[in-house]
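Let me begin by presenting the structure, written as structure tokens, before commenting on it.
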Ligand SMILES: Cc1cc2nc3c(=O)[nH]c(=O)nc-3n(C[C@H](O)[C@H](O)[C@H](O)COP(=O)(O)OP(=O)(O)OC[C@H]3O[C@@H](n4cnc5c(N)ncnc54)[C@H](O)[C@@H]3O)c2cc1C
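Numbering (the numbering used here), first residue to last: 198 to 942.
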């Protein structure tokens, strides 16, 4: 039975004495099982690692003994691609994590396993596994025999825990991970001295984001006592395709990042290294009698790649099920036990957190979105808290994701209008309408000067600027679309019976329906005064084209409105084609008209004017889809919510959900259309939309239209006469519209 102190058959052989292996060995040995741990390295090796551990570890595993924690962390700083610093310190101390030295931390976990009865074999490498008679046969090599002939021995186990990290070099074990799901890192320790660290960094982890530093990931500075861990990484596929040298990129960051280099000034690199972290959980977390823990199972967090706590937690979940496995009397019971591990671990790591983190990763890997999020977090506590939750890993991330989702819609609107703000300012004086003091002016002023973002006005000028046109001329004509748009909203609100719009009372709800109808007509009439002044000085051909554009877009918009009302009345929700047609007529036409007008004022040629019209049309459709998603998912600040449901309006989410739901859900959705719903029923609708993938469908659809607009911009870029700076602004606006699409997987 016994060969030179080593048993022939173990209950469990653990490969790897990292956090996953040692935690698992501890828990199994404590249950009375015979456990052997193989570790290919010496026990006091220092693993390249930031050593950052979230507060969740303390909550679940208890306080670490004195001497292991190098620094207690109570803040996190995120530095955006445009170098805005967001500092999150949580009053509830949910960010209180710690930084450990991996050598000391890993030794503590190894000792704990040994004290519980596990046998630890350092410098012993598992090189292959085969199955024989229901047992795993593991070939091991004693690495202490350096220089001498490598001698292999075989040990047997009823269960093997592969906790050997990543990548795997054991014959007989295959756990493929796509290169796009592996982060490759490079890392250095820099001695800076405690005083400097306290002064420059304090008890805060710092994450520097942006593709100019490193795409798809971030650079970090984690403070220990007198040393800082500095590193960065990116996905393996990118590293290969772009032939990036991580070492060079890291040294550039240390030397020249405007904020990071100041923090690290005067420091001395004392060692360096690297490693790989898989970010995708294996499709199956066991194979026969082998289970995969920690990095071997792909448990690291897919958003920030932290994996220490996750490794221990995967072991904690596994121990319970593996104990059942070892006690089971039949093959069926054994396989049930390992299925149980797979289910529980996947439920905890993927369903509760991981799948939301993967969605969040899409956002955090995009410079534009990250800039927007960080800017917003500095003035919006809800966004700040959501980011804090994600970094602290304290709550299921679903809530944080949904907060960002609902805030995102508002951010898209404000961010898009912010980008064109300078154009709005140029129009300034031309918008000083309705000052005659007549009675109709009073009504018109209420709607025209509400919370108007003046997007259409700004787009007329932007388009004119792209074609190097005269902005003063464009400014004179710009209010036309704003007047027509406002008039249509006043009439819309009457038809929809809406009491509020963007948080303000609607005109008809204050002054009555009749006055509101006339005020709308009045605004349409006033477009002629604007036109009579604005058309002066333009060529005859331009005048005719502009009048044609205005007439055409107004009639298309009216037809879109009629179609919207008809679809709602007939409860016709079967065709996404109907919806898109309506969106194109109702919203696309007006944005298209505004941008075409700007191009004509600038004298753009027919081909380019056609392109800009298409860009406007597709932007309008994307806007409409985002607006229709806001109705149910928005944050309540931008628009009175649930108007569309109350009016039985068609939306992409509704079309998709009806196609993909069961009979009961369909009946509920159809029965809800056109009604005032309780909060509970609204939540039910959201639930159906989430289950059927309707939200993601709408997100993707808006993303598709933003992508179409973007590809038309690429077409425009070929024209050499254009103003690149203005075109860049249009591109940024379209990128912002694309954010909603990026919230889908
Ligand atoms: C540069 C860098 C920085 C990081 N920073 C952080 C951070 O700040 N916070 C965080 O939470 N996570 C961080 N991580 C991720 C974290 O290190 C891992 O997720 C974590 O170590 C996983 O633990 P594990 O036990 O699964 O694997 P590991 O810690 O990798 O342990 C695996 C062990 O198995 C041994 N082994 C491998 N093959 C064999 C074999 N064939 N036979 C015997 N033994 C074998 C290895 O020597 C190793 O000791 C970082 C990773 C890197 C590369």
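Think of the CB as a built atom: it goes at the ideal place given N, C-alpha and C, for glycine as much as any other residue.
Task: Chain-order list of residues whose beta-carbon lies under 6 Å from that of residue 847 (same chain, five-residue window excluded) - done: 764, 770, 776
- [ ] With a floor of 3 residues, list each beta strand (DSSP E) that falls wholly inside the segment 417-477, ordered by position along the chain.
- [x] 424-432, 465-475
Task: Proximity winner among 732, 681, 498, 803, relative to residue 749 (alpha-carbon distances) - done: 681
Open item on the list: Given this structure, state the Cα-to-Cα distance separating residue 560 from residue 570, to the nearest angstrom.
Closed with: 9 Å
- [ ] For residue 198, count neighbouring C-beta atoms within 10 Å of its own C-beta (all shown protein chains included) and say buried if the count is 16 or more, exposed if not.
- [x] Confidence in residue 198 is poor, its pLDDT being 36 and thus under 50, which makes the residue's placement unreliable; the coordinate value appears in the next sentence. So residue 198 ends up on the exposed side.
Task: Cβ separation of residue 573 and residue 604, assumed to be a contact under 8 Å, to the nearest whole Å - done: 7 Å
Open item on the list: Would residue 293 and residue 256 be called neighbours here (beta carbons separated by less than 7 Å)?
Closed with: no
Task: Identity of the residue in 577, 554, 339, 308 nearest residue 477 by Cα - done: 554
Open item on the list: Which residue wins for smallest C-alpha separation from residue 623, given the options 638, 518, 673?
Closed with: 673
Open item on the list: Looking at residue 230: is its Cβ nearer than 7 Å to the Cβ of residue 205?
Closed with: no
Open item on the list: Do residue 514 and residue 497 count as a contact pair if the criterion is CB distance below 7 Å?
Closed with: no
TODO: Pull up the distance between the alpha-carbon of residue 201 and that of residue 314, whole angstroms please.
DONE: Residue placement at residue 201 is flagged as unreliable, the pLDDT there being 47, under the threshold of 50; the coordinate-derived value follows with that caveat. One C-alpha to the other measures close to 18 Å.
- [ ] Could you tell me whether the Cβ atoms of residue 250 and residue 415 are closer together than 7 Å?
- [x] no
TODO: From the DSSP output, in three-state form, read off residue 930 for me.
DONE: helix
Task: heavy atom of ligand 2 below 6 Å from residue 505 C-beta - done: In the structure on display, ligand 2 does not appear, and the ligands it does have are ligand 1.
Open item on the list: Assuming residue 252 is part of the alpha helix (DSSP H), what are its boundary residues?
Closed with: 252-258
Open item on the list: Contact between the segment 309-323 and the segment 334-348 is defined here as three or more beta-carbon pairs at a separation below 8 Å; is this criterion met?
Closed with: yes
Task: Meets three-Cβ-pair contact criterion under 8 Å: the segment 418-431 and the segment 376-383 - done: yes
Open item on the list: Short of 6 Å in beta carbon distance, which residues of its chain neighbour residue 931, apart from the five on each side in sequence? Order them along the chain.
Closed with: 903, 906, 907
TODO: Work out the CA separation of residue 662 and residue 923 for me, nearest whole Å.
DONE: 6 Å
- [ ] Compute every distance between the C-beta of residue 414 and the non-hydrogen atoms of ligand 1, then say whether any falls below 6 Å.
- [x] no
TODO: Apply the 10 Å Cβ neighbour rule to residue 940 and answer buried if 16 or more other Cβ atoms are within range, or exposed otherwise.
DONE: buried
Open item on the list: Can you tell me where the alpha helix (DSSP H) holding residue 639 begins and where it ends?
Closed with: 636-645
Task: residue 946, buried or exposed, once every other Cβ within 10 Å from all chains shown has been counted against 16 - done: For residue 946 there is no data in the structure shown, the boundaries of the chain being 198 and 942.
Open item on the list: One question on the structure: do residue 297 and residue 248 come within less than 7 Å of each other, judged by their Cβ atoms?
Closed with: yes
Open item on the list: For residue 300, which residues in the same chain have their Cβ closer than 8 Å to its Cβ, ignoring the five residues on either side in sequence?
Closed with: 241, 242, 243, 244
TODO: Return yes when at least one heavy atom of ligand 1 lies under 6 Å from the C-beta of residue 241, else no.
DONE: no
Task: Coil, strand or helix - residue 558 by DSSP - done: helix
TODO: Could you pull the start and end residues of the alpha helix (DSSP H) that residue 674 belongs to?
DONE: 668-674
Open item on the list: Tell me whether residue 548, by its Cβ, gets closer than 6 Å to a heavy atom of ligand 1.
Closed with: no
Open item on the list: For residue 217, count the other beta carbons within 10 Å of its own beta carbon; 16 or more makes it buried, fewer makes it exposed. Which is it?
Closed with: buried
Task: Burial state of residue 277 (16 or more Cβ within 10 Å) - done: buried
TODO: With a threshold of 16 other CB atoms inside 10 Å of the CB of residue 608, please say whether the residue is buried or exposed.
DONE: buried
Open item on the list: Using 8 Å for Cβ pairs, my map puts residue 285 next to residue 581. What's the rounded Cβ distance?
Closed with: 6 Å
Task: Inter-stretch contact at 8 Å, needing at least 3 Cβ pairs: the segment 635-645 / the segment 701-719 - done: yes
- [ ] May I ask you to report which of helix, strand or coil DSSP gives residue 940?
- [x] coil
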